[in-house]
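Novice:
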Amino acid sequence: MKTLLTLITLMLLVSIGTFSLFAVPLAPENPYPANNATGVRLQDLRLSWSHTSGQWNQPFEYELDIRTVAQPITGYTYKFSVDGTHYYLSSGTATWTDAKTLATNNNWRLGCPYTESINNSMQANNEGVNTIIGLTDRVNEGTWRWENGRAFSYSRWRSGEPNDAGGEDFVGLYSNGEWNDYNGGGSHRYWIEVDGQDMHRQITGNNYFDLNCKLAPNTQYRWGIRATNLNGNGPWSTWYFTTGNDGSAPSSYPTWGTPNNEAGPADPLNPTLTWAAVDGATYYKLYVFRSRSRLGTLVAFINGHVYNKTTTTLNYADSKAAIEADGGHLVAINSADEQAMLPNDEHYWIGFTDAANEHQYIWNVGEPSGYTNWDITADRPEPNGQLTENHVIQRQTSRLWHDVSATSTLRSLSEYPADILDGVVVYGTSYSFREHKLPTNTLYRWIAVPYNEYGRPFFQSGQRSFWTTNSPGTAPGTISSAGISPANGATGVPINPTLTWNAPSGSPTEYYAYLGTNNTIGNAGNYTDFGVWNGHRYYRSNHGYDWHWTGASVQAQKDGGYLAATGSSAENNLFGSDQHAWLGGTRRPSAHLYKWTNGSPWSYTNWAAGEPNNTGGRQYHTLRWTVGTWDDHNDNALSRYLVEVAPNIADGARLTTNSYTPDLLRFSTTYYWSAVGSNNAGMASDTQRWSFTTADGKAINPSPAHTSIRVVTNKTFTWDAVAGASGYKFYLGTASGNWNLVNGEACPVSSYTYAGTLDPLTYYWRVETVTPLETVLSNIWNYTAYDYPQDEGVQIIAGTVMEVSGGSANDAINPDPMPPYPNPAAVPIYANTITMYGAGPWTITFTTDAALGIWYSYVTASWTIVHNAGGVITFEIPAGGKDIPEVPIALGDQTLPVVLSTFNAVITSQYFVHLTWVTQSESQMAGYYVLRALEDNLSSAVMVSPMIPASNSSQATSYHYTDQEVQNNQTYFYWLEAVEFSNTSNFFGPLSILVNNDGDVPPPQVDLVTDISRIYPNPFSPQTTIEYTLRSDSPVSISVFNTKGQLIRTLMNDNKASGIYHLEWDGKDQNGALCASGVYVIRMQADLKISTRKVILIK
């Protein structure tokens, strides 16, 4: 029983320790380029993907397969593909020899059905004809070989074949799939096979793969990824992309900048390399390596790599091992240019092999295999190796390739990548080592190679140098937060700020600025935070389980970081000593070259004694032990991992002054930033990070202000300029959100002038701030346009400005006719009827040269005259009792001398006629006469009074006269003559009165008029009363219309007797809905007469 329990326990431990819960990895996802993408770049394409994994299904490596899809070939029909090789059937015919020549000249091969499956596919696709295939025994009679070099292990000879009748050294395929040897003289259609450009089955530990080659233009590629863990292979994910057109690569190398020092140790430990821009270059690849001796003899320095040849002959395995132990690898040849620069004085091993998958050749360093140089014209076309010929040599003199046995002893061509920076892509013309410090007193070589998506210049053997100082001194101190701007935690910061700080101690010669919106890692609960150091934030995973290096790398990227790249002892010491954890250093797929996954310089190492040693051949990745030393470790091992999160805007922008102006930022966003000083000794060790929040970007301080009023003729809108804005969009409408006047019209500055006509209405407007990154809408504002806004002067005629206080006013819409002036002959210089708004009382002030002004009250049915006093005429309009809000006004000269408000006649107790009148204002008046007649005819009237002198006051004045020369039972008619100093007269009247001393004096008779008498209150809310009179019995119809003449409601339609009536309107329309605020017209039709009055509904 004890033995059984021990066995069960052991099984559980093994199962859990290796994740063998039968959970293979999930399929990779989110490819770049996207599936079926077109116009994809040709040079240096990075294939990438993401992956979802957890404790049980995480991968420790990825397998990549990429190859071209079959392309159309003129004169041939594509039929099928097998393992990346495409098979075509010719349209025309040729002899066997001519068919081979055509194939060879085009870098194809005669089609070889070396398996039953391929033979069956040819039979199924041969269009019912006999065809030529790539099988021959012409070199050695009876020894059949395939033109593609495959082992001859499958055949399908027709019965009795081969028989070599008459020198039959070539093979044809019958339409039924059987083979026949023949003499090659007849012309037949023939099969060709074309290899797709491919990397076949490359293995990588990263979730990306860099194609450091140029792809074919306008070509479709198929590529697939699957992940592997200890439970097996996951499913393939397969995608397609098509490359774009070809173009011109940069034609030259840069004019070099600094440093270029080979004289002695003087350069910083974290140097900045600079060069001049090259026309046509969109990026550069930077190579930096230590100057040292290498195995063999120097051949060339080509685009950042050192090429040597060995002088000792070794077999393939020993050659490969010796070169890799020295930090290089067997050469990987990626183009004809590179091939031409290599020596051809001997046969040499190169790094091309199909040892892993027969006839699927790859470079053992992981480079793509888009270029080949096989000797396909040989009697036995290459590659022709059997199962023992799995490695490749470059032939002496011709440089053509042959596959040979690994046991051959030959010299080797080696390639040494740059051990510090190996082809790191740089967008710009400088590169700073920043926190990655190099050893002191060391000579380095470097070169920057210009690229664009079409390639690079012809190879150059030139290089630059720098030599790190032997006396670096002390690094700068940290920057004080007391002197930074914006201050830590500042808000409302413009999106185009300049960040500044005070210089720290230690005499920095340059600074590095860090800025981003990311302050923490995603899924922060799964990590232990080690804080900020030199602009980056550091973490260790804390999921509760461990990770393979590959799974850790992918998860770190998904959470917004990358496996930590430690560039100094200070950075390496950030992580404590309580957990082993993966770092981002890896030598996969490169044979013996470690790189950081984020492309940082491999400048600092902390290997434990005896490391790296690649025990077991699978120790590809870097593990940091608890004591801080490093070990190369198995890709299928499990551990925690260390993460570094860089800011996403400026990751160490190099500066020579203590200020930094970033590119335009975004509104309403919190940013985190820091700055670190640097000198020859390297960067400071700084743990600070500050923050600020940008303004919201909304336009403010509108003019007209929100809910304000202004004159309709002012159509210019302004607002405060928003810092960083590239322009604005303007919106204007008559309802909130209804931009029926201006809908997003662009304006480059913070103002807009409307070109159309504005009516006295309430308008709504807003502004949209525009930057290259975003747009932001302001609040919605409204204002009311008046012809005469309160407290705003409006020029009404030349030389005259009108200003209303106590409310606002508009020109009346469809006003009643102007009441007769006190002097019918008067011709004013300005006359208008205005509608008053607000509660009143109102003051209307005219700044004018006019001598006087008059205004009319419908309540008192009289004019009020006001004289000019110091260039100003002032009307005082009382509040209340203003049933009709329209006020007729006029300005003029002395032809408007008097405003008579009342003229009355009564019988005294002595039965005399007593006349009284009141003037509201007088100007240039001599006085008054009373005239009398026995009939309503002024021409028959006689003067019955002397001149009654006028007071010529601007205030109300009362006058009276008693006519004692009257007779009983007689009706008299009286007129009042107003006489000006200019002897001009105005007449008022007549008044009629009956003198009767036989009894009570009868009251004056009132004659009714069919009309709307008054509407009160006006303006109103929510209800108003309409008073109307009828002279005689009549049908009456009273309705409400809007100013467009549209019927709103019929209030009554009935027959009425003569008299005075009152009718109420509750402000609702025909459907019972409350009407909007505004001006409405009350229309009465009666006695064949139509009367109208305006009324204002307010809310």
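Going by the working numbering, the sequence shown opens with residue 200, and the numbers climb by one from there. Where is the CB? At the ideal position from N, CA and C, for every residue including glycine.
Looking only at its own chain, which residues have a Cβ that is under 6 Å from the Cβ of Thr699, when we skip the five neighbours before and after it?
Specialist: Closer than 6 Å at Cβ, skipping near neighbours: Ser684 and Ser858.
Novice: Under 7 Å Cβ to Cβ from Tyr547, same chain only, skipping five residues before and after it: list those, please.
Specialist: If we look at Tyr547 and ignore the five residues flanking it on each side, its Cβ neighbours are Lys508, Ile592, Gln593, Leu609, Arg610, Ser611 and Leu612.
Novice: For Tyr407, which of Asn1103, Gln994, Thr860 and Asn797 has the nearest alpha-carbon?
Specialist: Checking every option, the nearest Cα to that of Tyr407 belongs to Asn797.
Novice: Using 8 Å as the cut-off, can you tell me whether the region 974-992 makes contact with the region 1263-1271, which would need three or more C-beta pairs spanning the two stretches below that distance?
Specialist: No, the region 974-992 is not in contact with the region 1263-1271.
Novice: Assuming Pro1040 and Pro1077 are in contact, meaning their beta carbons sit under 8 Å apart, how far apart are those beta carbons, in whole angstroms?
Specialist: Correct: roughly 5 Å between the Cβ atoms.
Novice: Per the contact definition of three or more C-beta pairs closer than 8 Å, is the region 501-516 in contact with the region 689-699?
Specialist: No: fewer than three Cβ pairs fall under 8 Å.
Novice: Give the DSSP-derived three-state secondary structure of Val370 in the structure shown.
Specialist: Looking at Val370 - three-state DSSP - the assignment turns out to be strand.
Novice: How many Å lie between Ser1157 and Val1178 at the Cα?
Specialist: Taking the straight line from one Cα to the other gives about 16 Å.
Novice: Within the region 483-536, note down every full alpha helix (DSSP H) run reaching 4 residues or more, in order along the chain.
Specialist: Qualifying alpha helix (DSSP H) stretches, in chain order: 515-524.
Novice: Quick one: what does DSSP say Asn405 is sitting in, helix, strand or coil?
Specialist: If DSSP states are grouped into helix, strand and coil, Asn405 belongs with coil.
Novice: Are Lys484 and Gly395 touching if we call contact CB-CB under 8 Å?
Specialist: No; because the gap between Cβ atoms is not below 8 Å, this pair is not in contact.
Novice: Distance, Cα to Cα, Arg349 vs Tyr313?
Specialist: Approximately 7 Å between the Cα atoms of the pair.
Novice: Can you list, in chain order, the residues of its chain with a C-beta nearer than 7 Å to that of Ser447? Leave out the 5 residues immediately preceding and following it.
Specialist: Excluding positions up to five away in sequence, the list reads Gly479 and Tyr653.
Novice: Using the C-alpha atoms, what's the distance from Glu262 back to Thr403?
Specialist: The alpha-carbon atoms of Thr403 and Glu262 are separated by roughly 6 Å.
Novice: Let me confirm a value: Gln401 is counted as buried when at least 16 other C-beta atoms fall within 10 Å, else exposed. Which label applies?
Specialist: Gln401 is buried by the Cβ-count criterion.
Novice: Since I believe Ser252 is in contact with Phe279 (beta carbons under 8 Å), could you give me their beta-carbon distance rounded to a whole number of angstroms?
Specialist: Not confirmed; about 36 Å, so no contact.
Novice: Let me know if Glu315 comes out buried or exposed under the rule of 16 or more other beta-carbons within 10 Å of its beta-carbon.
Specialist: Answer is exposed; the Cβ neighbour count stays below 16.
Novice: When you compare each of Val1058, Tyr275 and Pro1189 to Arg388 by their alpha carbons, which one comes out closest?
Specialist: Taking only the C-alpha atoms, the option nearest Arg388 is Tyr275.
Novice: Rounded to a whole number of angstroms, what is the C-alpha to C-alpha distance between Asp536 and Pro656?
Specialist: For Asp536 and Pro656, the distance between alpha carbons rounds to 10 Å.
Novice: According to DSSP, is Phe319 helix, strand or coil?
Specialist: Before going on, a small fix: residue 319 reads as Asn here, not Phe. In this structure, Asn319 counts as helix in the three-state DSSP scheme.
Novice: With the cut-off set at 8 Å, would you say Asn879 and Thr641 are in Cβ contact?
Specialist: Contact flag unset, no.
Novice: Considering only the alpha carbon of each residue, which of Asn1168, Tyr1057 and Pro1084 lies closest to Phe1111?
Specialist: Here the closest residue by C-alpha is Asn1168.
Novice: Let me check understanding here. Comparing Cα to Cα, which of Ile1106, Ser1238, Gly705 and Tyr1173 lies closest to Asp1197?
Specialist: If we check each option's Cα against that of Asp1197, Ile1106 comes out closest.
Novice: Going by DSSP in three states, Lys914 sits in which element: helix, strand or coil?
Specialist: It is coil, neither helix nor strand.
Novice: Along the chain, where does the alpha helix (DSSP H) containing Ser1191 start, and where does it finish?
Specialist: Run containing Ser1191: none in the alpha helix (DSSP H); it sits in the beta strand (DSSP E), Ser1184 to Val1194.
Novice: So, do the region 673-682 and the region 831-847 have three or more beta carbon pairs nearer to each other than 8 Å?
Specialist: Result no; under three Cβ-Cβ pairs closer than 8 Å.
Novice: Between Ala763 and the rest of its own chain, which residues show a CB-CB distance below 7 Å, the 5 nearest in sequence each way excluded?
Specialist: Within the same chain, Ala763 has close Cβ partners Tyr737, Leu782, Gly783, Leu841, Val842 and Glu843.
Novice: In the DSSP assignment, the beta strand (DSSP E) including Ser684 goes from what residue to what residue?
Specialist: Taken as a continuous stretch (DSSP letters only), Ser684 belongs to no beta strand (DSSP E), as it is neither H nor E.
Novice: Under 8 Å Cβ to Cβ from Val1205, same chain only, skipping five residues before and after it: list those, please.
Specialist: Bear in mind that the predicted position of Val1205 carries a pLDDT of just 42, short of 50, making it too unreliable to give a figure here.
Novice: For a quick check, are the C-beta atoms of Phe632 and Trp645 less than 8 Å apart?
Specialist: Going by C-beta atoms, Phe632 is not nearer than 8 Å to Trp645.
Novice: When DSSP builds the beta bridges, which residues end up paired with Thr1059?
Specialist: In DSSP, Thr1059 forms no bridge with anything.
Novice: Quick check on Pro1201: buried or exposed, where buried means 16 or more other Cβ atoms within 10 Å of its Cβ?
Specialist: Caution applies to Pro1201, whose pLDDT of 48 falls short of 50 and renders its modelled position unreliable; the model cannot decide the point.
Novice: Any chance the region 710-729 sits against the region 915-924, with 3 or more Cβ pairs inside 8 Å?
Specialist: Taking 8 Å as the limit for Cβ pairs, the verdict is that the region 915-924 does not touch the region 710-729.
Novice: Would Leu1090 pass as a contact of Ile1028 if the rule is Cβ separation under 8 Å?
Specialist: It is a contact, given that the beta carbons lie within the stated cut-off.
Novice: Would Asp445 and Leu244 qualify as a contact pair, given that the criterion is a beta-carbon distance under 8 Å?
Specialist: It is not a contact, given that the beta carbons lie outside the stated cut-off.
Novice: Measuring straight from C-alpha to C-alpha, what distance separates Ser534 and Glu588?
Specialist: Distance between the alpha carbons of Ser534 and Glu588: 24 Å.
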